[in-house]
Structure formats: C-alpha cells, structure tokens
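Each protein sequence line maps, in turn, to chains A and B.
Plus 26 on top of the position in the first sequence (first one is 1) and you've got my numbering.
Plus 26 on top of the position in the second sequence (first one is 1) and you've got my numbering.
Written below as structure tokens is the structure these notes are about.
Number of protein chains: 2
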Amino acid sequence: MPEEPASIWMRPERGARGPAPERSRAQIAVVAIDLAIAGGLAAVSTRQIAKALGTGPASLYRYVATRDDLIDLMHDTVTGEIDLSVPLTGDPVEDLLSLAVRTKDLYLRYPWLLDVPVERTRLGPRAADYLEHALRALQHVPMTGRQKLEAISLLNGLVTLFAHIEIQERRTPTARQAAQAAYQAQLAADGRHPLIAAAMADSTLDPPDDPRQSFERMTRRLLTGLGLPG
Amino acid sequence: MPEEPASIWMRPERGARGPAPERSRAQIAVVAIDLAIAGGLAAVSTRQIAKALGTGPASLYRYVATRDDLIDLMHDTVTGEIDLSVPLTGDPVEDLLSLAVRTKDLYLRYPWLLDVPVERTRLGPRAADYLEHALRALQHVPMTGRQKLEAISLLNGLVTLFAHIEIQERRTPTARQAAQAAYQAQLAADGRHPLIAAAMADSTLDPPDDPRQSFERMTRRLLTGLGLPG
DNA sequence: GAATACTGCGAACATCGATCGCAGTATTGG
DNA sequence: CCAATACTGCGATCGATGTTCGCAGTATTC
Numbered sequence: 027m028p029e030e031p032a033s034i035w036m037r038p039e040r041g042a043r044g045p046a047p048e049r050s051r052a053q054i055a056v057v058a059i060d061l062a063i064a065g066g067l068a069a070v071s072t073r074q075i076a077k078a079l080g081t082g083p084a085s086l087y088r089y090v091a092t093r094d095d096l097i098d099l100m101h102d103t104v105t106g107e108i109d110l111s112v113p114l115t116g117d118p119v120e121d122l123l124s125l126a127v128r129t130k131d132l133y134l135r136y137p138w139l140l141d142v143p144v145e146r147t148r149l150g151p152r153a154a155d156y157l158e159h160a161l162r163a164l165q166h167v168p169m170t171g172r173q174k175l176e177a178i179s180l181l182n183g184l185v186t187l188f189a190h191i192e193i194q195e196r197r198t199p200t201a202r203q204a205a206q207a208a209y210q211a212q213l214a215a216d217g218r219h220p221l222i223a224a225a226m227a228d229s230t231l232d233p234p235d236d237p238r239q240s241f242e243r244m245t246r247r248l249l250t251g252l253g254l255p256g
Numbered sequence: 027m028p029e030e031p032a033s034i035w036m037r038p039e040r041g042a043r044g045p046a047p048e049r050s051r052a053q054i055a056v057v058a059i060d061l062a063i064a065g066g067l068a069a070v071s072t073r074q075i076a077k078a079l080g081t082g083p084a085s086l087y088r089y090v091a092t093r094d095d096l097i098d099l100m101h102d103t104v105t106g107e108i109d110l111s112v113p114l115t116g117d118p119v120e121d122l123l124s125l126a127v128r129t130k131d132l133y134l135r136y137p138w139l140l141d142v143p144v145e146r147t148r149l150g151p152r153a154a155d156y157l158e159h160a161l162r163a164l165q166h167v168p169m170t171g172r173q174k175l176e177a178i179s180l181l182n183g184l185v186t187l188f189a190h191i192e193i194q195e196r197r198t199p200t201a202r203q204a205a206q207a208a209y210q211a212q213l214a215a216d217g218r219h220p221l222i223a224a225a226m227a228d229s230t231l232d233p234p235d236d237p238r239q240s241f242e243r244m245t246r247r248l249l250t251g252l253g254l255p256g
C-alpha cells in the first residue's frame, strides 16, 4: 500500500538517460492548452494531442500518468501566468481583491478552466506559489489555518461564479441562445410562470450591469463577512 | 432551419400510439439517478441504464434525445424534490435564504448534481417552478428582471460552493485524502512554501467551523450586497 | 563493444455516445 | 375482422475515447 502519489509533477526526466526529451511535458501542456482554447476541454484527447505532436497516442503516457493528470498540468501551467510579483499593500482585503481580479482575468482568457472540476485538482508547483501568495496576504489576520484555506477556496469559487457570468454576458446571442430563449419564453408563456416571462422580457431590454463593479463589491463583502478587517 | 428545441420535455408519448410505454422517461430518470448516486455522473451511461432496465442501449433514444438531455431530465427530476409549498414571509432575504438552504440540502443528498455543468442545463418544468418561486420572493424588490435573474443565479452558485465545502468536510479522511495531504505537505515542506505548511499543519488540528452558520451569514451578505433590503 | 536503461509507438482492449434499419405489435380505419 | 398504419424495441454497427502491453530502436554507461 505505498499509494505513491504518482503525480506528474515529479515524473519528468526521472532517469534522464534519454536525449533530452524534445517533446517534454511542457510541450504537451502547450499543445493541450491550444486544443482546449480551440474546442474546449472536451477537445483535449490523447489522439488529438498526439496528432498535433506528430506521434502516436501511446507516447504521451511516458510523460503524463493519466488524462486527469494532464488536465492538472494544463491547469498549473496557465496558473503560472498570474503575476505574483505585485507587492502586497498590507491591506488583506485589497490584496486579495487584486489577486482575485487577476485570477478572474485568467479564467476569461481560458474559459475551459471553468470546466475542470475543482475538488479533483491537485496542487501543482505554480498553484502552490499562488496559494502561498494568497496566504501571505492573510499573514497577519487572526484566523486559523483552516479558516484561511477555506476563505481562499471560497474566494476562488466566487471568482469562477463571476467568470461564468461575464463569459455568458460576453457571448453575442447566437442563434442557439436565441432559440433557447425562445423556448424558455414559450415555457414561461403557458401562464403558470408569469414572473419568469416578465423577468425574461425585461432581461432583453435592460442593459446589463457592469459585472466588474458587482464583482468588486461582492468580493469585499465576502472577505469582510469571513472575518477580515474591512 | 426550424431549429426545433428538440428537448426531452416535450418528447414523451408524442403520438401515444404504443401501449403505454412502461419504461417511460420517468423510469429512465429514476434508474439513471440511482446509477449517479452509486457511482457519480460518470457512471451514468447508456448501456448501464439499459442493463438495469433489461433492454438494449438503443432503446433509450426513443425517450431521450441525447445524454445531455438525459442529464437535464435527471436534474429536473430531483429539482422536483424541493418543497416549494412553504409560505413566503414577505422578507425577500429570509425567503431566499430558506430556499437556498433547501437547495443546498438537495445538493448534499445528490452530490452528482455538483458535476452537471451549470451553463448548459436547460430549464425543465420543475426547474421553472423553482425559478418562479424564487422570483416570487423578489416580487416587490426594486430590481430589473435581469438583476433578479442574475441574483438568483449567483445565489445558486453560492449554494454549490458551500455544498462543495460541506461534502468535502463530511467525507472522513480516507487513505486517498491522507496520501494527498501528505504529498501536499511534502511539497510545502521544501521550504519555499512555509505558509502553506503552517496552514495545513493547523488545518489538521483546528476543528472545522460549522459550515451552515457560515453559509447563512454569507448568503445574507450576498443578498444585501446585491441591493436587497437587509 | 557489450550491457543497460530508457524512449517511442503500433496494436489492441474496453467502453463510450449515437445511428440505422428492420422485426414486432398495438391501434386505427374500413 | 382484416388490412393499413404508426409506433416501439433493439441488434448490429460506427467512430471516438482512455489506457495498456510489449517490442524495436537508441543513447548512455561501463
């Protein structure tokens, strides 16, 4: 029962006998991320990556233990794009808010991130740097370690919620969405759901609120609600 | 280009010539939900359902257009378990909070609900009743239709976040989680992540906060932050 | 130059969602 | 009461998926 983590983070160039593996894990990650950008997480398949790399599907398993580990690798890779070098002001709420905004920008840049299940992701090196940074912002706040971790997890959850909203807002109403709206309107117009009908009628007229303002406000309230000084 | 919704909600007994389809969509939903309870959403497959029903996999497609529609059906079915008959008090915050608590209970009862992607779900009849109920709680609040819909969507998002936390908390630390914790501790112990190490050390000692209290507090803050009177 | 240790990968397996077309059957119309 | 009709159930099958096995090839080490 050694139950070795068998994670990909330790996998690379183990023996390092080979000739500097040209197609390293980083390359695999890049190709996979490109596929995800183009076609979403569902488009990230062993064979598509292999095809893009000019190899066979079986080759990837020398560098990646399983598909989930590959997704962890992708996740960790793009997490590295978050700039952690900005200095902390000492105000935990403002510091975490700033970090949350940068995180939300990352989600908007890589919408497929919203599809990776949160509870399954393992902590990669870049994500560890990220978490360390967030904990540094909370360093002098009187909370237990558990409370801090939960607060950060909750904050990240809020980020994904608003990222969802902003992405939804950003998409021009395609024919598909219009059809769906029409269907929902039809369902609402059966008389038994008057409030839905009214709200959706309004919804097409009202200008959307600026999601960023709302995000800032809600993030501040969440953080102060969790016990941060505010 | 009729682009008919082709949704399952209108699919059943169309011509109704057959002999009262014994294995109706409701039965399929029940079996699929049982499979999801036992093995998660990933265990819900055409063939497993067919096997449980004693038929072939192709038969299901007479009642269900696609797997996504099946999942919508499952979602809508369990949504029907939420009791909407409780009277509204007239206080929108308290009414929505009460609804949110019942919704969170549903998620705790059916954890696979957390795995169904939110942005893809279509509005079934039960979910429409649910939405109508939530809008009724907001009836006399001065918000636009769009704002109300977004508020409800955000509220449901918060429900899923806390459901995630509570489920995570509920699981006894299995060997798997222990191994993962050990791995993360090892990663934290390389010296470059002292705060992670400290927080996780605390985390194993500190008793967890009561998630329900925290949920109530955060929900109230979210709702008042969105402009509800509080 | 031989032993070694790793890499790349073709072939294959199990499983998945989904489609096609036909046999069977219940309902309808005459 | 029989034929036409319209639907149901489903075997066979397609394309694609994640993953494993084992072998040929190659670079490194002794």
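The beta-carbon is built from N, C-alpha and C at its ideal position, and this holds for glycine as well.
Small disclaimer: the values here were computed from a predicted structure and weren't measured.
CB contact check: residue i to chain B, cutoff 7 Å
i, result
"A:Met-169", "no"
"A:Ser-229", "yes"
"A:Ala-154", "yes"
"A:Gly-183", "yes"
"A:Gly-251", "yes"
"A:Pro-47", "Here A:Pro-47 scores only 48 on pLDDT, less than 50, and its place in the model should not be relied on; the value that follows carries that caveat. It does not: the Cβ of A:Pro-47 has no partner Cβ on chain B nearer than 7 Å."
Beta carbon proximity, residue i to chain A, threshold 7 Å
i, result
"B:Met-244", "yes"
"B:Gly-256", "no"
"B:Leu-132", "no"
"B:Ala-225", "yes"
"B:Leu-86", "no"
"B:Leu-161", "yes"
Interface residues of chain A facing residue i [CB-CB closer than 9 Å]
i, result
"B:Glu-158", "Ala-214, Arg-218, His-219, Pro-220, Leu-221, Ile-222"
Contact set between residue i and chain B, taken where Cβ atoms lie within less than 7 Å
i, result
"A:Pro-234", "Arg-172"
"A:His-166", "The premise fails here: A:His-166 is roughly 12 Å from chain B at the closest Cβ pair, so nothing lies under 7 Å."
"A:Glu-176", "Ile-191"
"A:Leu-99", "The premise fails here: A:Leu-99 is roughly 15 Å from chain B at the closest Cβ pair, so nothing lies under 7 Å."
Cutoff 6 Å; reference residue i; Cβ partners in own chain excluding five residues on either side
i, result
"A:Asp-141", "Leu-67"
"A:Ala-42", "With a pLDDT of 41 at A:Ala-42, under the threshold of 50, the modelled position of that residue is not reliable, and the figure given next carries that caveat. So no residue of the chain qualifies."
"A:Glu-48", "Below a pLDDT of 50, predicted positions are generally treated as unreliable, and A:Glu-48, at 41, falls in that range; the measurement from the model is reported next regardless. Nothing meets the Cβ criterion."
"B:Arg-93", "none"
Residue of the options minimising C-alpha distance to residue i
i, options, result
"A:Val-144", "B:Ser-111, B:Phe-188, B:Pro-113", "B:Phe-188"
"B:Thr-230", "A:Leu-175, A:Leu-249, A:Leu-149", "A:Leu-175"
"A:Val-112", "A:Tyr-156, A:Tyr-87, A:Ala-76", "A:Tyr-156"
"A:Gly-256", "A:Gly-217, A:Pro-118, A:Ala-204, A:Ala-55", "A:Pro-118"
"B:Glu-242", "B:Ala-163, B:Arg-128, B:Leu-139, B:Asp-232", "B:Arg-128"
"B:Leu-132", "B:Glu-120, B:Gln-165, B:Val-185, B:His-166", "B:Val-185"
"A:Gly-106", "A:Met-244, A:Val-56, A:Asp-236, A:Thr-115", "A:Val-56"
"B:Leu-249", "B:Ser-50, B:Arg-197, B:Trp-138, B:Leu-181", "B:Leu-181"
"B:Ala-208", "A:Ala-153, A:Arg-246, A:Leu-149", "A:Leu-149"
"A:Arg-196", "A:Thr-147, A:Pro-237, A:His-101", "A:Pro-237"
"B:Pro-151", "A:Tyr-136, A:Leu-110, A:Arg-146, A:Ala-211", "A:Ala-211"
"A:Arg-218", "B:Ala-163, B:Val-70, B:Ser-71, B:Ala-154", "B:Ala-154"
"A:Leu-213", "B:Arg-73, B:Glu-158, B:Ala-78", "B:Glu-158"
"B:Tyr-136", "B:Thr-147, B:Arg-162, B:Ile-108, B:Arg-146", "B:Ile-108"
"B:Leu-164", "B:Val-70, B:Gly-183, B:Leu-252, B:Gln-74", "B:Leu-252"
"A:Leu-110", "A:Leu-134, A:Leu-79, A:Arg-162", "A:Arg-162"
"B:His-166", "B:Leu-254, B:Ser-71, B:Arg-73", "B:Leu-254"
Sequence-distant residues of the same chain with beta carbon closer than 7 Å to residue i, five excluded per side
i, result
"B:Ala-160", "Leu-122, Leu-125, Ile-178"
"B:Ala-76", "Gly-82, Pro-83, Ser-85, Leu-86"
"A:Thr-115", "Asp-121"
"B:Pro-220", "none"
"B:Leu-134", "Ala-189, Glu-192, Ile-193"
Contacting residues, own chain, Cβ-Cβ under 8 Å from residue i (five flanking each side not counted)
i, result
"B:Ala-52", "Thr-103"
"B:Lys-130", "Val-185, Phe-188, Ala-189, Glu-192, Phe-241"
"B:Pro-234", "Glu-195"
Within chain A, the residues that residue i reaches when beta carbons sit closer than 7 Å
i, result
"B:Leu-149", "Gln-210, Leu-213"
"B:Leu-180", "Leu-187"
Proximal residues of chain B, C-beta to C-beta of residue i below 9 Å
i, result
"A:Arg-247", "Met-244, Arg-247, Leu-248, Thr-250, Gly-251"
"A:Glu-145", "Leu-140, His-190, Ile-193, Gln-194"
8 Å Cβ cut-off: residues of chain B touching residue i
i, result
"A:Arg-51", "Result: empty, since nearest Cβ-Cβ is about 17 Å, beyond 8 Å."
### Task
Pair every Cβ in the segment 97-107 of chain B with every Cβ in the segment 53-62 of chain B, then say whether three or more of these pairs are closer than 8 Å.
yes
#### Entry: Sufficient close CB pairs (3 or more, under 8 Å) joining the segment 159-178 of chain A to the segment 216-233 of chain B
Remark: three or more beta-carbon pairs, one from each stretch, lie closer than 8 Å, so the segment 159-178 of chain A and the segment 216-233 of chain B are flagged as touching.
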